[in-house]
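Protein chains in written order, with the numbering used here: chain A, 2 to 243; chain B, 18 to 336.
Built from N, CA and C at the ideal position, the CB exists for glycine as well.
It should be emphasised that the depicted structure is a prediction, and the values quoted were computed from it without experimental measurement.
These notes are about the structure you will find just below.
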């Protein structure tokens with residue numbers, strides 16, 4: 002049974018604790034805003050500057066991945082090491098509430114980071130479209146798609162290993178995830194079956210398109226849902242609380 | 018400690034373990050524990066690996082029994098939990114929860130979390146707990162000293178206002194003064210109607226607690242002071258002049274004492290009742306009346322709970 006009141010209190014506590022963490026600021030705000038600036042104001046990537054709307058979609062996908070996977074995995078792993086998770090097991094919280102509060106907290110962190118990105122985007126000349134209102138929904142879906150794997154990593158490996166692996170995956174996604182650097186058609190088609198590029202595709206479509214749903218967007222949504230289900234099923238099977 | 022004898026008209030025990038078993042793949046755990054706990058303090062003692070933490074963590078709902086039955090106030094922990102009733106406040110031995118938070122912030126968050134929880138005992142305020150456990154520090158939890166951390170864990174266990182309180186090795190790593198201070202605070206702040214289970218491997222703690230004592234060895238109950246007929250014998254020895262009139266001293270004291278002059282001027286009094294200050298005063302007053310100066314007074318206890326538990330633990334060694 003999930004109590005909305007307990008869930009709210011736990012989410013608020015998790016969010017405030019994480020938001021005060023300086024490493025989170027680097028991961029969720031500074032790096033994404035830096036990427037936004039580099040993409041739109043320099044020609045370092047691909048020899049030409051990226052249109053602001055596309056860069057905005059890229060950066061939102063990056064910060065969502067950072068919050069929903071990298072931050073969540075590292076924070077959960079260290080909470081497991083400090084036995085914070087066991088401590089929570091002695092409170093009135095149910096396990097579902099503990100996990101849900103973490104996921105919702107990550108979503109809020111991604112939204113929090115998104116606000117900074119939005120402000121940076123506006124300063125760089127982006128004009129928001131009506132489709133931008135859907136971005137929080139896509140962010141939630143993006144967090145869902147990767148948070149299960151964050152729990153899987155955090156719940157099975159030592160905290161130091163999780164720190165190294167989660168950061169390495171983040172860098173790999175930045176470099177080879179198809180978000181910043183583009184690859185050939187075949188590689189891109191393959192990368193679209195992974196959450197970062199699928200999420201970017203949905204956000205990009207949402208803030209730029211004026212027509213109805215696109216078949217690629219539906220495919221991207223299905224990709225995110227599938228990854229989310231697989232990740233959470235695996236996490237619920239293998240996650241160790243201590 | 019009030020004892021519930023299990024008649025149907027009586028309220029159920031706070032904690033009832035019936036053949037409670039928790040097995041681990043690599044061995045260890047607890048085996049067929051039959052214990053009931055009611056209001057008051059119970060000390061669980063045992064060597065490392067004896068099953069103390071397993072028993073307490075199972076009662077706390079952190080471990081699932083592999084056999085037997087566990088009930089809290091007559092119902093399974095799961096059924097209470099599903100109804101949003103929180104019965105157990107826990108301070109675990111290991112861990113440093115939320116290391117990047119401040120102690121007071123953690124207590125305030127827990128207080129908010131338990132805000133709507135139904136409880137049988139009144140919940141202490143955060144301000145009261147901060148004051149009682151001296152937790153006014155702004156230091157982050159990761160930087161707290163061992164003593165501060167133990168006090169914080171105890172305060173966090175109490176903030177729920179749960180009728181059952183579990184403290185797993187709360188004095189681990191504390192010096193004797195720190196242990197005394199912690200027990201003094203607990204004696205002051207824990208409601209008398211609470212059922213408090215404390216594990217320890219420090220036998221001196223038992224004297225401070227004056228509680229029911231349960232000793233575990235190899236996951237089984239080896240001793241329970243509630244069901245064992247352990248008796249103590251108390252000795253008073255003193256030095257005075259030789260040939261004191263012992264019949265007169267016997268008359269001055271309560272019946273059932275044995276008085277003997279061991280060697281010239283060295284006397285020994287054996288009693289089945291504790292020898293307190295009034296007892297000693299009676300002896301000294303009697304001797305003063307007959308002009309015999311008393312010196313080198315010494316009181317000792319032989320046998321009793323401590324001696325029995327110590328013998329069990331020494332016999333068992335580390336499991």
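(request) Note down, in chain order, every chain B residue with its Cβ under 8 Å from the Cβ of residue 238 of chain A. (result) Within chain B, no residue comes near residue 238 of chain A; the closest Cβ sits about 17 Å away, beyond 8 Å.
(message) In this structure, how does DSSP classify residue 87 of chain A when only helix, strand and coil are distinguished?
(response) helix
(message) Taking beta-carbon pairs under 9 Å, can you tell me which members of the region 104 to 115 of chain B lie near chain E?
(response) Included in the structure are the protein chains A and B, with no chain E among them.
(request) For the region 230 to 238 of chain B and the region 61 to 79 of chain B, state whether three or more C-beta atom pairs, one from each stretch, are separated by less than 8 Å. (result) yes
(message) My assumption, with CB atoms under 8 Å, is that residue 183 of chain B sits in contact with residue 73 of chain B. Please give the rounded CB distance.
(response) About 5 Å separates the Cβ atoms of residue 183 of chain B and residue 73 of chain B, confirming a contact at the 8 Å cut-off.
(request) May I have a chain-ordered list of the alpha helix (DSSP H) segments no shorter than 4 residues that lie completely inside the region 72 to 157 of chain B? (result) DSSP runs (the alpha helix (DSSP H)) wholly in the region 72 to 157 of chain B: 94 to 99, 120 to 130 and 143 to 149.
(message) Just to confirm the assignment, what range does the alpha helix (DSSP H) spanning residue 100 of chain A have?
(response) Residue range 96 to 124 is occupied by the alpha helix (DSSP H) that includes residue 100 of chain A.
(request) Report the rounded CA-to-CA distance for residue 113 of chain B versus residue 154 of chain B, giving the unit in angstroms. (result) 16 Å
(message) For residue 243 of chain A, which residues in the same chain have their Cβ closer than 8 Å to its Cβ, ignoring the five residues on either side in sequence?
(response) 81, 84, 86 and 87
(message) 8 Å is my cut-off, CB to CB: does residue 60 of chain B come that close to chain A?
(response) no
(request) Taking a Cβ distance cut-off of 7 Å, strictly less, list which residues of the region 34 to 56 of chain B are near chain A, in chain order. (result) none
(message) Less than 8 Å between CB atoms is the rule here; does residue 24 of chain A satisfy it with respect to chain B?
(response) no
(message) Check for me: the alpha helix (DSSP H) holding residue 165 of chain B runs from which residue to which?
(response) 163 to 175
(message) Taking its Cβ as the centre, do 16 or more other Cβ atoms sit within 10 Å of residue 213 of chain B, making it buried, or is it exposed?
(response) buried
(message) Counting C-beta neighbours from all protein chains within 10 Å, is the total for residue 216 of chain A 16 or more, i.e. buried, or is it exposed?
(response) exposed
(message) With a threshold of 8 Å, are at least 3 pairs of Cβ atoms found where one atom belongs to the region 239 to 255 of chain B and the other to the region 275 to 288 of chain B?
(response) yes
(request) Could you please give the first and the last residue of the uninterrupted beta strand (DSSP E) stretch that includes residue 301 of chain B? (result) Counting along the chain, residue 301 of chain B falls outside any beta strand (DSSP E), though it belongs to the alpha helix (DSSP H) covering 294 to 306.
(request) Measure the C-alpha to C-alpha separation of residue 117 of chain A and residue 174 of chain A and round it to an integer number of angstroms. (result) Those two C-alpha atoms are separated by around 21 Å.
(message) Which residue wins for smallest C-alpha separation from residue 203 of chain A, given the options A:21, A:223, A:241 and A:186?
(response) A:223
(request) Output the boundary residues of the alpha helix (DSSP H) element that contains residue 23 of chain A. (result) 23 to 26
(message) With a threshold of 7 Å on Cβ separation, who are the neighbours of residue 121 of chain A within its own chain once the five nearest residues in sequence on each side are excluded?
(response) 34 and 37
(message) For a test of the three-state rule: what should DSSP assign to residue 49 of chain A, helix, strand or coil?
(response) Three-state result, residue 49 of chain A: coil.
(message) I want to know whether the region 256 to 263 of chain B touches the region 309 to 320 of chain B - three or more CB-CB distances under 8 Å.
(response) yes
(message) So that I know if they touch, is there some Cβ in chain B lying closer than 8 Å to that of residue 83 of chain A?
(response) yes
(request) Compute the minimum distance between the beta carbon of residue 191 of chain B and the heavy atoms of the ligand ZN, and state whether it is under 7 Å. (result) For the structure depicted, the ligand ZN is absent and the ligand set is empty, with no information on it obtainable.
(message) Taking its Cβ as the centre, do 16 or more other Cβ atoms sit within 10 Å of residue 162 of chain B, making it buried, or is it exposed?
(response) exposed
(request) Tell me, please, whether the CB atom of residue 341 of chain B is closer than 8 Å to any CB atom in chain A? (result) In the structure displayed, chain B extends from 18 to 336; residue 341 of chain B sits before or after that span and is not available.
(request) Count the other CB atoms, across all protein chains shown, that sit within 10 Å of the CB of residue 138 of chain A; report buried if there are 16 or more and exposed otherwise. (result) Sixteen is the threshold: since fewer than 16 other Cβ atoms of the shown chains lie within 10 Å of the Cβ of residue 138 of chain A, the residue is exposed.
(request) Taking residue 216 of chain A as part of the alpha helix (DSSP H), name the residues at either end of that continuous run. (result) 216 to 239
(request) May I have the straight-line CA-CA distance separating residue 156 of chain B from residue 150 of chain B, to the nearest angstrom? (result) Whole-angstrom Cα-Cα distance: 15 Å.
(request) Give a yes or no on whether the C-beta atoms belonging to residue 198 of chain A and residue 74 of chain A are separated by under 8 Å. (result) no
(request) Run down chain A in chain order and give the residues with a C-beta less than 8 Å from the C-beta of residue 101 of chain B. (result) 2, 4 and 93
(request) Go through its chain and collect everything with a Cβ distance to residue 38 of chain B's Cβ below 8 Å, but skip five positions before and after it. (result) 46, 47, 48, 49, 50, 82, 83, 84 and 85.
(request) Using only alpha-carbon positions, find the residue among A:52, A:200 and A:179 that is nearest to residue 191 of chain A. (result) A:179
(request) Find the nearest neighbour of residue 115 of chain A within the set A:158, A:168, A:100 and A:60, judged by alpha-carbon distance. (result) A:60
(request) Hey, could you find the ends of the alpha helix (DSSP H) residue 51 of chain B is sitting in? (result) Note, residue 51 of chain B: premise wrong, no alpha helix (DSSP H); beta strand (DSSP E) at 46 to 54.
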